[in-house]
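For reference, the structure is listed below as structure tokens.
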Amino acid sequence: MIKGFKDFLMRGNVIDLAVAVVIGAAFTAIVTAFTTNLINPIIALFGGNNVAGLAVQLGSTEKTIIDFGAIITAVINFLIVAAIVYFIFVLPMNKLKERRKRGQEPGPAEPTDVELLKEIRDLLAAQQRQRQD
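For the sequence shown, full-length UniProt numbering gives the first residue as 1, with consecutive numbering after it.
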């Protein structure tokens, strides 16, 4: 049981997934910093307010606040991550798969066992005729 679990962990897919999760978490921090420190101030220039302050208070407590700024920031983060993943990973992989499909033209069919045996028989017969001559 332990050996099976070890084999499962040592397969390339599990290790690749673990690396992807760690890199994704680090990448998310970069995108969040980019959005918070660059994109949000640019949006605030046009809106005249900080994006983080775009909120509506429905009641008298803090629990009744609808924070549109946080929603806008999350959407921007998502769009940046999605665009980067698409253009850096998905698009090149699709092009690579397409090139591989074009390069994989079917080669000549391998001879069957019967064809190989006939060829061997013919070669042996030709050798025997040469010895007799």
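Here a beta-carbon is modelled for each residue, glycine too, at the ideal position from N, C-alpha and C.
For residue i: DSSP bridge partner residues
| i | result |
| --- | --- |
| V56 | I66 |
Of the residues the options, the one placed nearest residue i, counting alpha carbons only
| i | options | result |
| --- | --- | --- |
| I72 | G24, Q128, T35 | T35 |
| I39 | A55, A20, A70 | A70 |
Alpha-carbon spacing of residue i relative to residue j, whole angstroms
| i | j | result |
| --- | --- | --- |
| Q57 | K95 | 49 Å |
| A29 | F46 | 25 Å |
| I15 | R100 | 25 Å |
| R121 | P108 | 22 Å |
Same chain only: Cβ atoms within 7 Å of residue i, ignoring 5 sequence neighbours per side
| i | result |
| --- | --- |
| N77 | V31, T32, T35 |
| S60 | none |
Cβ neighbours of residue i in the same chain (closer than 6 Å, five flanking residues each side left out)
| i | result |
| --- | --- |
| D113 | none |
field: Contained beta strand (DSSP E) runs [length at least 3] in the segment 95 to 133, N- to C-terminal order
entry: With a minimum length of 3 residues, no continuous beta strand (DSSP E) run stays inside the segment 95 to 133.
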